[in-house]
Amino acid sequence: MPVTWKTTLRLLLQKLAVDSGKFPRVAVLGIGNTFRSDDAAGMLVAQALSQRVSDNAHLFICEAGHAPENKTAQVRKFAPDLVLLIDAADMGKAPGTVEWISEEDIDGMSASTHSLPLSMLARYLKLEIGCEVNLLGIQLASNEVGETISPEVLQAVEEVAAGLDEIICDCISVSSLT
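Quick note on my numbering: the sequence shown kicks off at -6 and runs consecutively.
Written out as structure tokens, the structure is:
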């Protein structure tokens, strides 16, 4: 059975909790351009997750747009243990496929509509904050100019928002019991 992005996230959060002795602080940065069809996926995940999650001191959700480097001061102030970048990516998969992309594999995975490569942003955040940085990629069908999102990507957006909500809430519940 292949390892899913949800399993990978759970294991990473558990490892960070064990290493630090507390539930990790997670910054979710939704990246993308809402005027380029499926490239809006990361932004839509951030919006959907914000609607699902009420006040949570362990979670910072940011609609980072096409220039996520402009949000680094807010991320630094939050002081996360994990920064999860969510972005449309061309991974050569079926549209709507969601995959965990490690920090080492971020180079070349973005849909390339950003002003700064995500690999540079990831390195900066890791050095500046000392946190883990990973990318959750959503395979796009198109990043042409237009506001229509493909049904497969919309479904993936809902899956990712629901999955993040479930996993983070589960991990907080478990960590509060120990």
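No residue lacks a Cβ here, since even glycine has one placed at the ideal position from N, Cα and C. Quick caveat, the model's predicted, so the values are computed rather than measured.
Coil, strand or helix - residue i by DSSP
{"i": "Arg18", "result": "coil"}
{"i": "Asp80", "result": "strand"}
{"i": "Ala57", "result": "strand"}
{"i": "Val91", "result": "strand"}
{"i": "Ala104", "result": "For Ala104, the predicted model reports a pLDDT of 47, less than 50, meaning its position is unreliable and no value from the coordinates is stated."}
{"i": "Gly139", "result": "strand"}
{"i": "Ile160", "result": "helix"}
{"i": "Phe71", "result": "helix"}
{"i": "Thr1", "result": "helix"}
{"i": "Ser43", "result": "helix"}
{"i": "Pro110", "result": "coil"}
{"i": "Val192", "result": "As shown, the chain starts at -6 and ends at 171. That puts residue 192 outside it, with no answer to give."}
Contact belief for residue i with residue j at Cβ below 8 Å, rounded distance in angstroms
{"i": "Ile122", "j": "Ser112", "result": "With a Cβ gap of about 16 Å, Ile122 and Ser112 do not count as contacting."}
{"i": "Glu140", "j": "Thr27", "result": "7 Å"}
{"i": "Val21", "j": "Leu52", "result": "7 Å"}
{"i": "Asn136", "j": "Ala81", "result": "7 Å"}
{"i": "Cys124", "j": "Leu77", "result": "The pair is not a contact, with the Cβ atoms about 10 Å apart (cut-off 8 Å)."}
{"i": "Val172", "j": "Val38", "result": "The chain is shown only over -6 to 171; residue 172 falls outside these bounds and no answer can be derived."}
{"i": "Ser95", "j": "Asn127", "result": "6 Å"}
{"i": "Leu129", "j": "Val91", "result": "7 Å"}
{"i": "Asp31", "j": "Ala134", "result": "5 Å"}
{"i": "Ala33", "j": "Gly89", "result": "The Cβ separation is near 14 Å, so there is no contact."}
{"i": "Phe71", "j": "Arg116", "result": "Incorrect: roughly 19 Å between the Cβ atoms, too far for contact."}
{"i": "Phe16", "j": "Cys162", "result": "Between Cys162 and Phe16 the Cβ distance is about 11 Å, and since that is not below 8 Å, they are no contact."}
DSSP bridge partner residues for residue i (one or two, in chain order)
{"i": "Val126", "result": "Val76"}
{"i": "Gln132", "result": "Ala82"}
{"i": "Leu52", "result": "Val19"}
{"i": "Ile24", "result": "Gly58"}
{"i": "Arg29", "result": "Gly139"}
Beta carbon proximity, residue i to chain D, threshold 8 Å
{"i": "Val150", "result": "Looking for chain D here will not work: only one protein chain is present."}
query: Three or more beta-carbon pairs under 8 Å between the segment 4 to 19 and the segment 29 to 46, yes or no?
result: At 8 Å Cβ cutoff, the stretches do not touch.
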